[in-house]
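Protein sequences, first through last, are from chains D and X. Under my numbering, the first sequence has 128 at position 128, and the numbering climbs by one with no breaks. Under my numbering, the second sequence has 1028 at position 28, and the numbering climbs by one with no breaks. Note that beta-carbon positions come from the ideal geometry of N, C-alpha and C, so glycine has one too. Some notes on the structure that comes next.
Protein chains: 2
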Amino acid sequence: MKETAVLERFIEGKGLRHSKPREQILSVFLSIEQHITIDELWAAVRKKHPGIGYATVYRTLKLFAECGLCSEINFEDGTTRYEHSYGHSHHDHLICTSCGKFFEVVDSEIEKLQERLVKRYGFQLQYHRMNLYGTCRNCRVGIDRRAARTGVPVHSGKGRAAS
Amino acid sequence: MKETAVLERFIEGKGLRHSKPREQILSVFLSIEQHITIDELWAAVRKKHPGIGYATVYRTLKLFAECGLCSEINFEDGTTRYEHSYGHSHHDHLICTSCGKFFEVVDSEIEKLQERLVKRYGFQLQYHRMNLYGTCRNCRVGIDRRAARTGVPVHSGKGRAAS
DNA sequence: TTGATAATGAAAGTCATTTTCATTAATTGG
DNA sequence: CCAATTAATGAAAATGACTTTCATTATCAA
Chain D
1 MKETAVLERF
11 IEGKGLRHSK
21 PREQILSVFL
31 SIEQHITIDE
41 LWAAVRKKHP
51 GIGYATVYRT
61 LKLFAECGLC
71 SEINFEDGTT
81 RYEHSYGHSH
91 HDHLICTSCG
101 KFFEVVDSEI
111 EKLQERLVKR
121 YGFQLQYHRM
131 NLYGTCRNCR
141 VGIDRRAART
151 GVPVHSGKGR
161 AAS
Chain X
1001 MKETAVLERF
1011 IEGKGLRHSK
1021 PREQILSVFL
1031 SIEQHITIDE
1041 LWAAVRKKHP
1051 GIGYATVYRT
1061 LKLFAECGLC
1071 SEINFEDGTT
1081 RYEHSYGHSH
1091 HDHLICTSCG
1101 KFFEVVDSEI
1111 EKLQERLVKR
1121 YGFQLQYHRM
1131 NLYGTCRNCR
1141 VGIDRRAART
1151 GVPVHSGKGR
1161 AAS
């Protein structure tokens, strides 16, 4: 099922209404393969659709999160970011504390051990957040020290990786 | 070395000054073995030392973090918490999304795999955050559904645990 | 087409920090 | 010990990232 269909179905299921702003925001959101903040998305949306307000982007992103089109991530830097989640499998993040580049990673062995760990405490795991902070090779050799998180981050592709 | 000594040494090293509020805040902070918010610590501090302001607690906690006496943790609920870090080994958190109880946990195998994972990307790991969210046994059987995170959380002791 | 009401944009409100600024209090050279 | 220097503090104002309100606009079912 396409993302637009996911949204449609969700909207219908809840007795909500279709709207242009939501379509437009979804389209722009999908076109940006990146962890994005509300402000960044708002800026991108306004380029194509000047009339759309911040609150609408905010509310729409919440809506997307509700229907599984995006999920919130927190890199402990004060602002929440949103990433595509529909059709994207679970992954964790590897973040360079120097230049802000990040990778989406998954290690199935770690995932298994997390389940085991949690069971020991009688918990039933719902989800987890694992962020690994460190310095990337480039930053360690002194290159690329200027790129900021606000620049264009490099990412691994799509949660394929490790193990 | 005692915590107070750590603070003293740090202050001297930076050419800062000793102060009563800082001593008092440290003393109260150390007396509370829990993940605490600024407001909670401020409230506790004021009981013994009414004159101390919020900003001082805020700044002092930042100072503690700088000298390794505490570290910030984020349970994605909007407020930062602070936990003792001096003499406390690294640990991750297992949080019940229903009642807010949490456990401090460590799994050395996971730690090893994290190192391995990061190396694959040419990163040098500095630190990580791993929070596992789920439901505890009590909440699953319907007991204890009322306790809030603001209540007294149960915790495992001190990062001893799992393998 | 139209009434009911969801969606939107602009603006105001929240809330957890952060920072400012006038004072107070450590330090230190004398 | 004393005064000058300046870090530390408390109260209040400022930030910044959301959240919510409210008057309008836009949907949609009848």
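| Check | Outcome |
| --- | --- |
| Provide the residue(s) that pair with Arg81/D in DSSP beta bridges, ordered along the chain. | Thr37/D and Ile73/D |
| What residues from chain X crowd round Arg81/D, counting only those whose CB sits closer than 8 Å? | Result: empty, since nearest Cβ-Cβ is about 13 Å, beyond 8 Å. |
| Inspect the beta-carbon positions of Tyr1082/X and Ile1110/X and report whether they are closer than 8 Å. | no |
| So Val1057/X and Leu1069/X are in contact, right, with Cβ under 8 Å, and what is the actual spacing, rounded? | At roughly 14 Å, the Cβ-Cβ gap does not stay under 8 Å, so Val1057/X and Leu1069/X are not in contact. |
| In the region 1105 to 1116 of chain X, which residues sit with their C-beta less than 7 Å from some C-beta in chain D, listed in chain order? | Val1105, Asp1107, Glu1109, Ile1110, Leu1113 and Gln1114 |
| Who are the neighbours of Leu1125/X on chain D, taking C-beta pairs under 8 Å? | Leu132, Tyr133 and Gly134 |
| Can you give the Cα-Cα distance for His18/D and Gln24/D, rounded to whole angstroms? | 11 Å |
| Three or more C-beta pairs closer than 8 Å, one from the region 97 to 111 of chain D and one from the region 46 to 60 of chain D: is that the case here? | no |
| To the nearest whole angstrom, what separates the beta carbons of Arg129/D and Arg1129/X, a pair I think is in contact under 8 Å? | 7 Å |
| How far does the alpha helix (DSSP H) with Phe1064/X in it extend, from its first residue to its last? | Tyr1054 to Glu1066 |
| Is the shortest distance between the beta-carbon of Tyr1054/X and the beta-carbons of chain D less than 8 Å? | no |
| Note down, in chain order, each residue of its chain lying with its Cβ closer than 8 Å to the Cβ of Tyr1086/X, except the 5 sequence neighbours on either side. | Glu1003, Val1006, Gly1068, Leu1069 and Cys1070 |
| Report the neighbours of Thr1097/X on chain D: residues whose CB is nearer than 7 Å to its CB, in chain order. | Gln126 |
| At 3 residues or longer, what runs of the beta strand (DSSP E) sit wholly inside the region 84 to 118 of chain D? | 92 to 96 and 102 to 105 |
| So, with DSSP's three-state summary, where would you put Gly134/D? | strand |
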